[in-house]
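Peer 1:
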Amino acid sequence: MSIIGSAFADWREVREEYEEVRLAAYMLAEEATNGALLNARGRAAGIDPGSLFMGNERRARAYASPELLEHWEKHPRVTYAAYERQWVREREAEMGLAS
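Position one of the sequence shown corresponds to residue 932 (my numbering), numbered consecutively onward.
1. Which value, in whole angstroms, describes the spacing of the CA atoms of residue 956 and residue 942?
2. Got a sec, what are the start and stop residues for the alpha helix (DSSP H) residue 1019 sits in?
3. Less than 8 Å between C-beta atoms, sequence neighbours within five positions excluded: which residues of the same chain meet that for residue 992?
4. Would residue 945 count as contacting chain B if we go by Cβ distances under 8 Å?
5. Considering only residues of the same chain and omitting the five flanking positions on each side of residue 1018, which have a CB-CB separation below 6 Å?
6. CA-CA distance, residue 969 and residue 978?
7. Is the separation between the beta-carbon of residue 964 and that of residue 937 shorter than 8 Å?
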């Protein structure tokens, strides 16, 4: 496999793993908040509650319900960027490349 092919395969793998983590986090939060994921501003703006679990922290907190913010205190949001960094560190450790 080429270097580019290998990189794309790794990217697909980490992306798929992250989606599983994100979905599990969403389901846990939905249960913990009894479905109250959005605040009034988020509901009025038609925000997709699932979008709060990816991307910009500031935006997520702006539209999150108080219940969701409390949930995140115990179960922090994991962005794709953070998950990818963790994934790379784990792969480097497996290959003996960790510093």
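Here a beta-carbon is modelled for each residue, glycine too, at the ideal position from N, C-alpha and C.
Peer 2: By the coordinates alone:
1. Translated into the one-based positions of the sequence shown, residue 956 becomes position 25. Translated into the one-based positions of the sequence shown, residue 942 becomes position 11. Those two C-alpha atoms are separated by around 21 Å.
2. The residue labelled residue 1019 in the question sits at position 88 within the sequence shown. Its alpha helix (DSSP H) spans residues 1011 to 1025.
3. In the sequence shown, the residue the question calls residue 992 occupies position 61. For residue 992, where only same-chain residues beyond five positions count, the Cβ hits under 8 Å are 1000.
4. Here chain B cannot be found, since the structure has a single protein chain.
5. As a position in the sequence shown, residue 1018 is number 87, starting the count at 1. Setting aside the 5 residues that flank it on each side, residue 1018 is surrounded in the same chain by 945, each with a C-beta closer than 6 Å to its C-beta; the list follows chain order.
6. By 1-based counting over the sequence shown, the position of residue 969 is 38. By 1-based counting over the sequence shown, the position of residue 978 is 47. Here the alpha carbons of residue 978 and residue 969 stand approximately 8 Å from one another.
7. Within the sequence shown, the letter at position 33 stands for residue 964. Within the sequence shown, the letter at position 6 stands for residue 937. In this structure, residue 964 lies away from residue 937, with their beta-carbon atoms at least 8 Å apart.
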